[in-house]
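Visitor:
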Amino acid sequence: MVLYDKIIVIDIEATCWETTEETLLNQREIIEIGVCKLILSSGKIENKQSFYIKPEVSQVSSFCTQLTGITNEKLQIEGTSLEKALKKINSKYSVKYRTFAGYGDFDQEILEQECKAKAIENPFRNDYLNIKTLFNLAYLQEKPQGLLKELELVGESFEGKNHNGADDAYNAAKLLYKVLQR
1375 MVLYDKIIVI
1385 DIEATCWETT
1395 EETLLNQREI
1405 IEIGVCKLIL
1415 SSGKIENKQS
1425 FYIKPEVSQV
1435 SSFCTQLTGI
1445 TNEKLQIEGT
1455 SLEKALKKIN
1465 SKYSVKYRTF
1475 AGYGDFDQEI
1485 LEQECKAKAI
1495 ENPFRNDYLN
1505 IKTLFNLAYL
1515 QEKPQGLLKE
1525 LELVGESFEG
1535 KNHNGADDAY
1545 NAAKLLYKVL
1555 QR
């Protein structure tokens, strides 16, 4: 059974490095999953939350900390395993019964890759909505302009901090609602 009254919107932050060389030498891992629930009948966004994940094989670089505000210390204190975080998300948001969305392909791809690599069940359904693609189709854009610019184009402003999982998910949900109204 699939419920279509709400869409779960996610944004994932992962370990990252400043240079291509550093990126090739390290393994990218999920360190934050921002989640919220978009109520389709009203456009209201509920249950905005971040789930922090302790990386198993990589460390948060200083570049990544500057970008996201997430530190290794924060993850040691507030983080949990990816498996536990996904179980909490599934329990709170009933993701197996709902379509989920994110801005671009990255969120879905890294989630699938990391779940497969760590032999973790991915609770999210296969019917992923790529908000970036939907926006480009609805607004006849030749190429993506980025979440912040696209929000401006639909008369919305970005709320919160860019590269914060919960804030990015919330703002992506705002954009998705505008696209679905069109």
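Numbering-wise (the working numbering), the sequence shown opens with residue 1375 and increments by one. A virtual CB, placed ideally from N, CA and C, is assigned to each residue, including glycine. Keep in mind that this is a model prediction, so the values were computed, not measured.
Flag this pair as touching only if the stretch 1528-1545 and the stretch 1462-1470 have three or more C-beta atom pairs under 8 Å; answer yes or no.
Guide: These segments do not touch.
Visitor: Hey, out of Tyr1502, His1537, Leu1399, Phe1425, whose CA is closest to tyrosine 1471's CA?
Guide: The sequence position of residue 1471 within the sequence shown is 97, counting from 1. Per the Cα distances, Tyr1502.
Visitor: Does the Cβ-Cβ distance between aspartate 1542 and glycine 1417 come in under 7 Å?
Guide: Along the sequence shown, read from residue 1 onward, the residue named residue 1542 stands at position 168. Along the sequence shown, read from residue 1 onward, the residue named residue 1417 stands at position 43. Taking 7 Å as the Cβ cut-off, aspartate 1542 and glycine 1417 do not qualify as a contacting pair.
Visitor: Residue ranges of each beta strand (DSSP E) run of no fewer than 3 residues wholly in the stretch 1428-1511, ordered along the chain?
Guide: Here the runs fully enclosed are 1472-1476, 1502-1504.
Visitor: Determine the direct distance from the alpha carbon of serine 1435 to that of histidine 1537, and round the result to whole angstroms.
Guide: The residue given as residue 1537 occupies position 163 in the sequence shown. The residue given as residue 1435 occupies position 61 in the sequence shown. Rounded to the nearest angstrom, the two C-alpha atoms are 15 Å apart.
Visitor: Terminal residues of the continuous alpha helix (DSSP H) containing asparagine 1545?
Guide: On the sequence shown, residue 1545 is found 171 positions in, with the first residue counted as 1. Element bounds for asparagine 1545: 1539-1555.
Visitor: Within the continuous beta strand (DSSP E) that includes lysine 1380, where are the two ends?
Guide: Here the question's residue 1380 lines up with position 6 in the sequence shown. Run containing lysine 1380: 1377-1388, per the beta strand (DSSP E) assignment.
Visitor: Assuming leucine 1525 is part of the alpha helix (DSSP H), what are its boundary residues?
Guide: For the purposes of this step, residue 1525 is identified with residue 151 of the sequence shown, where counting begins at 1. Here the alpha helix (DSSP H) through leucine 1525 covers 1521-1527.
Visitor: Of all the options Glu1495, Glu1524, Gly1476, Ile1382, which has the alpha carbon lying nearest to the alpha carbon of leucine 1414?
Guide: Sequence index remark: in the sequence shown, residue 1414 carries index 40 (1-based). With distances taken between Cα atoms, leucine 1414 lies closest to Ile1382.
Visitor: Which of helix, strand or coil does DSSP assign to leucine 1414?
Guide: Start at 1 with the first residue of the sequence shown, and residue 1414 comes out as number 40. If DSSP states are grouped into helix, strand and coil, leucine 1414 belongs with coil.
Visitor: Do isoleucine 1494 and isoleucine 1386 have their C-beta atoms closer together than 7 Å?
Guide: Within the sequence shown, residue 1494 is the residue found at index 120, counting from 1. Within the sequence shown, residue 1386 is the residue found at index 12, counting from 1. No.
Visitor: Return the chain-ordered list of same chain residues with a C-beta closer than 7 Å to the C-beta of threonine 1397, the five sequence neighbours on each side being excluded.
Guide: What you label residue 1397 is simply residue 23 of the sequence shown in a count that begins at 1. The answer, listed in chain order, is Trp1391.
Visitor: What distance in whole Å lies between the Cβ atoms of isoleucine 1444 and glutamate 1403, which are believed to be in contact at a cut-off of 8 Å?
Guide: The count along the sequence shown starts at 1 and reaches residue 1403 at position 29. The count along the sequence shown starts at 1 and reaches residue 1444 at position 70. Not confirmed; about 12 Å, so no contact.
Visitor: Nearest-angstrom Cα distance between glutamate 1488 and lysine 1458?
Guide: For the purposes of this step, residue 1488 is identified with residue 114 of the sequence shown, where counting begins at 1. For the purposes of this step, residue 1458 is identified with residue 84 of the sequence shown, where counting begins at 1. About 14 Å.
Visitor: Secondary structure at glutamate 1406, three-state DSSP: helix, strand or coil?
Guide: Working through the sequence shown from its first residue, we reach residue 1406 at position 32. In the structure shown, glutamate 1406 sits in a strand (DSSP, three-state: E or B).
Visitor: My understanding is that tyrosine 1477 touches glutamate 1452, with C-beta atoms under 8 Å, so please give their C-beta distance in whole angstroms.
Guide: Translated into the one-based positions of the sequence shown, residue 1477 becomes position 103. Translated into the one-based positions of the sequence shown, residue 1452 becomes position 78. So it is not a contact: roughly 24 Å between Cβ atoms.
Visitor: According to DSSP, serine 1424 sits in a beta bridge with which residue or residues?
Guide: As a working mapping, residue 1424 is identified with position 50 in the sequence shown. Answer is Gly1408, bridged to serine 1424.
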